[in-house]
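K.L.:
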Amino acid sequence: MSLAPRTPDLKANLNINNGTFGTLLGSASIGSIIMLLIGGQIVHRIGAKRSLQIGSTAVAITYTGLVNTNSPLLFLILSILAGSSVSIYHIATSGHSLHRQDEVGAVIVPKLHGAWAVGAMSTTAIAFFVSNTFSITTHISGLMFVVWLLTQFCISRLASTFPENPADDDQYQVTSIKQFKFKINWFLSLGFFCATLLEFTIADWATLFGKEELGMNNSIATLCYFTCLIGIIVGRYSINWALKYKSEQFWIKSGGFIGGVGFTSMTTASLLVVNNDRNFAFTLSFIGFFLAGLGCSALAPIFFSIAGQLSNGKNAIAVAQLSFVNSALIFTSKVALAWVVELTSITVALVIPASAMLALLYLGRISVK
């Protein structure tokens, strides 16, 4: 996520247009899809601990390479490898988290969604302070080295929690090619897609929106994504409390309305007033991105929960199936939206997934509660 607030620098390194740039960013999904099919077998054979070590090392190497190349072709190859690296890490850590959750007898997986958002916000804050001082090469290369060291330390501290026999973790595998012989629940999958598309699109285009559409400098433009992450954190740490008072169905519909209408209205208003009052326009855009993050925040955990409830207890398989279908849909959409940006504007490409969130007012009926 450290690349999200520095997309203008990444694009400048490659010296390409918005359409090509967006397509390259979306290529990481190819690696993710491939790894979602074979990752379960890899973790089964070598274990979660070794998979985490390999995945984190590959992430550090590939992302360091992404910011040190000016070649679009090499960037494409590294991006696909980066997507695979992130996915194998995700598969191993998610499976082990389910294992640990059962061992300790406490719900920890939803908290990990919030922890991820805190990490993403932290790295965006770093980008805000260093983007005008350090090059993207120095920033990301240094960050990857530090994160790699910290990750190895954490894996080492968790050593006693990993089963000696990798097969002991099989029931917690979150992906396996054998698991993909399934009937797709298209209503659930389409709802999940509409719930997550805006979050993925904002990660790619938020900073460029601030820079190219509103004329922000590099540092201020990172705040577009930063405020979105604040909304995500607030929502993900509040959802357990919120579900005590209203149903999953209510919060899916509310999230779709807040994210779709709130984001579209605020960002459109910011464009209308930017020539007359830049500071007010910037404030409106930040509110819009905050509302987008708030609307999106709890939707992924809720949809994963619903998938588990509809799967007769096979939670891990349900999550894998839902993630696989969504990855394929997100990849297609990222490429299409990249060329929407090229042919129209970043604003149009952001409004499309925001409008898709309004479909949750109908698709929210998938809830089983």
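Counting from 67, one number per residue, gives the positions in the sequence shown under the numbering used here. Heads up, the beta-carbon is just placed ideally off N, CA and C, and yes, glycines get one too. Just so you know, these numbers come straight off a predicted model, no measurement behind them.
In chain order, what residues of the same chain have a beta carbon less than 6 angstroms from the beta carbon of residue 194, not counting five sequence neighbours either side?
P.N.:
Taking the first residue of the sequence shown as 1, we reach residue 194 at position 128. The residues are 285 and 288.
K.L.:
Quick check on the burial criterion: 16 or more other C-beta atoms within 10 angstroms. Buried or exposed for residue 108?
P.N.:
On the sequence shown, position 42 is the one that residue 108 refers to. Residue 108 should be labelled buried.
K.L.:
Tell me whether residue 133 sits in a helix, a strand or coil according to DSSP, three-state version.
P.N.:
In the sequence shown, counting from the first residue as 1, residue 133 sits at position 67. Three-state DSSP puts residue 133 in coil, outside helix and strand.
K.L.:
What residue does the alpha helix (DSSP H) around residue 355 start on, and which one ends it?
P.N.:
Here residue 355 is taken as the residue at index 289 of the sequence shown, counted from 1. Residue 355 -> alpha helix (DSSP H) spans 344-363.
K.L.:
Could you tell me which whole alpha helix (DSSP H) segments of length 4 or greater appear in the region 252-301?
P.N.:
Within the region 252-301, the complete alpha helix (DSSP H) runs of at least 4 residues are 252-274.
K.L.:
Looking only at C-alpha atoms, which of 145, 304, 224 and 431 sits nearest to residue 98?
P.N.:
Walking along the sequence shown from the start, residue 98 turns up at place 32. Measuring from the Cα of residue 98, the nearest candidate turns out to be 145.
K.L.:
Contact between the region 296-303 and the region 197-214 is defined here as three or more beta-carbon pairs at a separation below 8 angstroms; is this criterion met?
P.N.:
Too few Cβ pairs lie closer than 8 angstroms, so no.
K.L.:
Since residue 230 is in the alpha helix (DSSP H), which residue starts that stretch and which ends it?
P.N.:
Locating residue 230 in the sequence shown gives position 164, counting from the first residue. Run containing residue 230: none; DSSP gives neither H nor E here.
K.L.:
Helix or strand or just coil, what does DSSP make of residue 31?
P.N.:
In the structure as shown, the chain starts at 67 and stops at 435, and residue 31 therefore has no counterpart that could be examined.
K.L.:
On a CA-only basis, which of 140, 155 and 327 is nearest residue 101? Give me that one, please.
P.N.:
Numbered from its first residue, the sequence shown carries residue 101 at position 35. Closest by alpha carbon: 155.
K.L.:
Out of curiosity, what's the CA-to-CA distance linking residue 143 and residue 260?
P.N.:
Here the question's residue 143 lines up with position 77 in the sequence shown. Here the question's residue 260 lines up with position 194 in the sequence shown. Answer to the nearest angstrom: the Cα atoms are 28 angstroms apart.
K.L.:
Pair every Cβ in the region 179-198 with every Cβ in the region 68-88, then say whether three or more of these pairs are closer than 8 angstroms.
P.N.:
Touching, per the Cβ criterion.
K.L.:
Quick check: the Cα distance between residue 330 and residue 393, rounded to an integer number of angstroms?
P.N.:
Sequence index remark: in the sequence shown, residue 330 carries index 264 (1-based). Sequence index remark: in the sequence shown, residue 393 carries index 327 (1-based). Straight-line Cα distance between these residues: approximately 24 angstroms.
K.L.:
Start and end of the alpha helix (DSSP H) containing residue 333?
P.N.:
Residue 333 sits at position 267 when you count from the first residue of the sequence shown. Run containing residue 333: 329-339, per the alpha helix (DSSP H) assignment.
K.L.:
Closer than 7 angstroms by C-beta to residue 399: which residues in its own chain qualify, once you throw out the five before and the five after it? Chain order, please.
P.N.:
Start at 1 with the first residue of the sequence shown, and residue 399 comes out as number 333. For residue 399, where only same-chain residues beyond five positions count, the Cβ hits under 7 angstroms are 263.
K.L.:
Can you give the Cα-Cα distance for residue 332 and residue 92, rounded to whole angstroms?
P.N.:
To locate residue 332, count along the sequence shown from 1; it is residue 266. To locate residue 92, count along the sequence shown from 1; it is residue 26. Whole-angstrom Cα-Cα distance: 26 angstroms.
K.L.:
Alpha helix (DSSP H) containing residue 155: first to last residue?
P.N.:
Counted from its first residue, the sequence shown places residue 155 at position 89. Its alpha helix (DSSP H) spans residues 138-170.
K.L.:
Tell me the rounded alpha-carbon separation between residue 152 and residue 123.
P.N.:
As a position in the sequence shown, residue 152 is number 86, starting the count at 1. As a position in the sequence shown, residue 123 is number 57, starting the count at 1. Going by the C-alpha atoms only, they are around 10 angstroms apart.
K.L.:
Starting from residue 419, follow the alpha helix (DSSP H) in both directions and report where the run begins and ends.
P.N.:
Locating residue 419 in the sequence shown gives position 353, where the first residue counts as 1. Per DSSP, residue 419 belongs to the alpha helix (DSSP H) from 412-423.
K.L.:
Which of the three DSSP states is assigned to residue 310 in this structure?
P.N.:
Start at 1 with the first residue of the sequence shown, and residue 310 comes out as number 244. Looking at residue 310 - three-state DSSP - the assignment turns out to be coil, as it is neither helix nor strand.
K.L.:
Roughly how many angstroms lie between the CA atoms of residue 427 and residue 121, to the nearest whole one?
P.N.:
For the purposes of this step, residue 427 is taken as the residue at position 361 of the sequence shown. For the purposes of this step, residue 121 is taken as the residue at position 55 of the sequence shown. Using only the alpha carbons, I get a separation of about 38 angstroms.
K.L.:
What does the alpha-carbon distance come out to for the pair residue 106 and residue 388?
P.N.:
On the sequence shown, position 40 is the one that residue 106 refers to. On the sequence shown, position 322 is the one that residue 388 refers to. Cα to Cα, the separation comes out at about 15 angstroms.
K.L.:
Tell me which residue opens and which closes the alpha helix (DSSP H) that residue 211 is part of.
P.N.:
On the sequence shown, residue 211 is found 145 positions in, with the first residue counted as 1. Where residue 211 is concerned, the enclosing alpha helix (DSSP H) stretches over 202-223.
K.L.:
Pick out whichever of 420, 405, 373 and 421 has its Cα sitting closest to the Cα of residue 250.
P.N.:
Indexing the sequence shown from 1 puts residue 250 at position 184. Of the listed residues, the one whose Cα sits closest to residue 250 is 373.
K.L.:
Got a sec? Which residues, its chain only, sit under 7 angstroms from residue 395 by beta carbon, not counting five neighbours each side?
P.N.:
What you label residue 395 is simply residue 329 of the sequence shown in a count that begins at 1. Only 259 meet the Cβ criterion.
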